[in-house]
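**Student:**
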Amino acid sequence: MSAKVGTIRLRFFARYAELVGRAEATLAVPLPATVGDVVRRVRAELPGGVDLPARPLAAVNLKHVTLDAAVADGDEVALLPPVAGG
Amino acid sequence: MREAGSGKRETYLTPDPVSVDHLLGEVSSPERGGLCLFLGSVRSGEAEQVTAIEYSAYPEMVEAEFERILAEARARWAEARIAVRHRVGVVPAGEASIAIAAAAPHRVEAFDACRYVIEEVKKRLPMWKKELRGDGTTVWVDPHGHPVEAGPR
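As they're listed, the protein sequences go chains B and A.
Residue numbers for the first sequence follow my numbering, so the first one is 8 and each next one is one higher.
Residue numbers for the second sequence follow my numbering, so the first one is 8 and each next one is one higher.
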């Protein structure tokens with residue numbers, strides 16, 4: 008089996024977007040991978056990423072997920088500050 | 008799924024003030040004798056003067072999450088009809104940031120469905136608020152550390 012690499016579309020919102028200085032990014036990750044793996048890579052590699060929490064709220068393809076959720080090639084992974092709607 | 012007018016789907020997010028009359032018109036009908044309306048408004052604050060709140064959103068997910076919340080409510084209160092709008096962008100103090108209307112044959116279902124939607128919104132809707140204060144400063148609102156949410160908890 009050859010190692011597969013997936014391209015993840017990242018989105019950042021509100022205070023997190025300010026911390027990393029951007030609203031979107033793309034990330035290549037070896038598969039299989041989880042949302043937690045994506046978060047670790049973001050915190051290690053993106054400028055300002057270290058200021059993000061190690062266990063943020065996250066969504067994959069517009070649904071809330073836990074950090075152990077799997078990601079696939081082409082997924083949109085969003086890191087969400089504590090929500091404050093209403 | 009909610010249908011608006013001639014099959015054209017409206018979005019739940021709006022930059023404009025919400026028309027309560029429009030919202031009530033979406034849910035009311037002669038067989039629904041109970042109608043509950045919830046408005047959550049921007050508070051001016053106590054210690055610090057808040058002139059407005061700037062709401063930001065993950066818009067595609069807000070739409071998806073509202074669809075899920077309303078589908079859950081319809082599954083629980085099958086005869087209820089529910090409409091909701093959430094403001095995005097700058098909302099001045101005193102104006103409603105969210106409006107929910109629920110109509111049902113009887114009051115209990117109308118109250119319960121309306122309450123369900125606002126409580127789920129508080130837990131799940133991917134939106135954030137930044138307070139704009141009278142002294143020119145801005146502060147992200149931490150929903151846990153800074154209780155500025157409108158409405159009952």
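Every residue gets a Cβ at the ideal spot worked out from N, C-alpha and C, and that includes glycine.
Keep in mind the model is a prediction, meaning the values are calculated, not measured.
Which ranges does the alpha helix (DSSP H) cover as unbroken runs of at least 4 residues, wholly within the stretch 13-55 of chain B, from first to last along the chain?
**Tutor:** Assignment of alpha helix (DSSP H) within the stretch 13-55 of chain B, counting only whole runs of 4 or more residues, yields 21-27 and 42-52 in chain order.
**Student:** Let me make sure I understand the geometry here. Which of A/Arg140, A/Leu20, A/Ala106 and A/Glu86 has the alpha-carbon closest to that of A/Glu53?
**Tutor:** A/Arg140
**Student:** Straight-line CA distance for B/Leu64 to A/Ser36?
**Tutor:** Between the C-alpha atoms of B/Leu64 and A/Ser36 there is a straight-line separation of about 40 Å.
**Student:** Spatial neighbours of B/Asp44 within its chain, please: C-beta separation below 7 Å, excluding the five flanking residues on both sides.
**Tutor:** Excluding its 5 nearest sequence neighbours in each direction, B/Asp44 has C-beta neighbours in its own chain below 7 Å: Val36, listed in chain order.
**Student:** Under 7 Å, CB to CB, which of the residues in the stretch 70-101 of chain A have a partner in chain B?
**Tutor:** Ala71 and His93
**Student:** Is there a C-beta anywhere in chain A that falls below 8 Å from the one on B/Leu59?
**Tutor:** no
**Student:** So, does the CB of A/Glu156 fall closer than 8 Å to a CB anywhere in chain B?
**Tutor:** Note that A/Glu156 scores a pLDDT of 35, beneath 50, so its modelled location is shaky; the value from the coordinates is reported in the next line. At least one chain B Cβ lies under 8 Å of A/Glu156.
**Student:** Work out the CA separation of A/Val69 and A/Val115 for me, nearest whole Å.
**Tutor:** 27 Å
**Student:** Note the first and the last residue of the continuous beta strand (DSSP E) segment covering B/His71.
**Tutor:** Unbroken beta strand (DSSP E) run through B/His71: Lys70 to Val72.
**Student:** Measuring straight from C-alpha to C-alpha, what distance separates B/Ala51 and B/Val57?
**Tutor:** 6 Å
**Student:** Measure how close the beta-carbons of A/Arg92 and A/Val25 come, nearest whole angstrom, since I'm counting them as under 8 Å.
**Tutor:** 5 Å
**Student:** Measuring only between beta-carbons, confirm whether B/Leu87 sits less than 8 Å from chain A.
**Tutor:** Taking Cβ atoms only, chain A reaches closer than 8 Å to B/Leu87, which makes this a yes.
**Student:** If you scan the stretch 57-110 of chain A from start to end, which runs of the beta strand (DSSP E) of 3 or more residues do you find wholly inside it?
**Tutor:** 57-64, 88-94 and 96-99, all fully within the stretch 57-110 of chain A.
**Student:** Grab me the residues of B/Val46's own chain with a C-beta within less than 8 Å of its C-beta, minus the 5 sequence neighbours each way, in chain order.
**Tutor:** Leu59, Ala61, Arg62, Pro63, Ala65, Leu74 and Leu86
**Student:** Beta-carbon of A/Pro159 versus every beta-carbon of chain B: anything under 8 Å?
**Tutor:** In this prediction, A/Pro159 scores a pLDDT of 33, lower than 50, which makes its location untrustworthy; no coordinate-derived value is stated.
**Student:** So that I know if they touch, is there some Cβ in chain A lying closer than 8 Å to that of B/Arg22?
**Tutor:** So yes, B/Arg22 belongs to the interface.
**Student:** What is the C-beta distance between B/Asp82 and B/Val72, in whole angstroms, given that I count them as a contact (C-beta under 8 Å)?
**Tutor:** Wrong, their Cβ atoms sit about 10 Å apart, outside the cutoff.
**Student:** Quick check on the burial criterion: 16 or more other C-beta atoms within 10 angstroms. Buried or exposed for A/Gly101?
**Tutor:** exposed
**Student:** Determine the DSSP secondary structure at A/Gly41, reduced to helix, strand or coil.
**Tutor:** strand
**Student:** Is there a Cβ of chain A sitting closer than 8 Å to that of B/Ala76, yes or no?
**Tutor:** Chain A, which has no Cβ nearer than 8 Å to the Cβ of B/Ala76, makes this no.
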